[in-house]
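A.B. asks: Can you keep this structure in mind? I'll have questions shortly.
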Amino acid sequence: GALHCWGDNNYGQTDVPSGVNAWSSVSTGGEHTCGIAQADGAMYCWGYNANGQTDVPSGVSAWSSVSAGSYHNCGVAQADGSLHCWGYNGDGQTGVPSDVSAWSSASAGVYHTCGIA
């Protein structure tokens with residue numbers, strides 16, 4: 001459906017990107033937002049980017065889920081269920097365990113991450 005954001009917008013976190021008419025998922029972080037386009041599964045992140053949290057990883061064309069934490073994000077790739085996390089990693093929160101290859105979901109917190117495999 002159509003994505004609407006409101007409230008504090010100091011870093012552009014409520015400025016929904018143009019060109020995407022329908023969204024399948026949205027998650028808000030500390031001062032940034034990430035969403036998945038319904039048409040092709042592309043992920044967009046916008047707002048505060050001091051820790052690289054709006055720099056969506058390349059190499060994944062379609063995403064099945066996203067969770068925005070305070071300063072980092074995690075997303076599950078549609079094709080193979082691989083989990084990708086990016087942004088601030090001061091406490092190891094973007095270091096995805098290597099002994100798990102497929103994930104169904106993840107949740108990014110302030111300084112930690114949890115996932116379901």
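For the sequence shown, the residue numbers in the UniProt record's numbering are 1 to 117. We treat Cβ as the ideally placed atom computed from N, Cα and C, and that holds for glycine.
The beta strand (DSSP E) with Cys5 in it runs from where to where?
C.D. replies: Mapped onto the sequence shown, residue 5 falls at position 5. No beta strand (DSSP E) holds Cys5; DSSP gives it neither H nor E.
A.B. asks: Which residues in the same chain as Ser25 place their Cβ atom closer than 7 Å to its Cβ, once the five residues preceding and following it in sequence are excluded?
C.D. replies: If you number the sequence shown from 1, residue 25 lands on position 25. Around Ser25: Gly35, Ile36, Ser65 and Val66.
A.B. asks: What are the boundary residues of the beta strand (DSSP E) that Asn73 is part of?
C.D. replies: Indexing the sequence shown from 1 puts residue 73 at position 73. Where Asn73 is concerned, the enclosing beta strand (DSSP E) stretches over His72 to Ala77.
A.B. asks: Taking Thr94 as the reference, give the member of Gly109, Tyr44, Gly81 and Val60 with the closest Cα.
C.D. replies: Against the sequence shown, residue 94 aligns to sequence position 94. The shortest Cα separation from Thr94 among Gly109, Tyr44, Gly81 and Val60 belongs to Gly109.
A.B. asks: Apart from the five residues just before and just after Ala39, which ones in its own chain have a Cβ nearer than 8 Å to its Cβ?
C.D. replies: Here residue 39 refers to the residue found at position 39 when the sequence shown is read from its first residue. So the qualifying residues of the chain are Val20, Asn21 and Ala22.
A.B. asks: Work out the CA separation of Tyr44 and Asp15 for me, nearest whole Å.
C.D. replies: Your numbering for residue 15 matches position 15 in the sequence shown. Your numbering for residue 44 matches position 44 in the sequence shown. Roughly 12 Å separates the two Cα atoms.
A.B. asks: Should Ala77 go down as buried or exposed, given a rule of 16 or more other Cβ atoms within 10 Å for buried?
C.D. replies: Working through the sequence shown from its first residue, we reach residue 77 at position 77. Label assigned to Ala77: buried.
A.B. asks: Taking all protein chains shown into account, decide if Gly29 is buried (16 or more other Cβ within 10 angstroms of its Cβ) or exposed.
C.D. replies: Counted from its first residue, the sequence shown places residue 29 at position 29. By the 10 Å Cβ count, Gly29 comes out buried.
A.B. asks: Less than 7 Å between C-beta atoms, sequence neighbours within five positions excluded: which residues of the same chain meet that for Ala68?
C.D. replies: Counting from 1 along the sequence shown, the entry for residue 68 is found at position 68. Counting only Cβ-Cβ distances below 7 Å, and skipping sequence neighbours, we find Ser27, Thr28, Gly29, His32, Thr33, Cys34 and Ala108.
A.B. asks: Return the first residue and the last residue of the beta strand (DSSP E) that Ser104 is part of.
C.D. replies: The residue labelled residue 104 in the question sits at position 104 within the sequence shown. Unbroken run through Ser104: none, as it is neither H nor E.
A.B. asks: Taking the alpha-carbon positions, what's the Gly75 to Ala106 distance?
C.D. replies: Against the sequence shown, residue 75 aligns to sequence position 75. Against the sequence shown, residue 106 aligns to sequence position 106. Cα to Cα, the separation comes out at about 7 Å.
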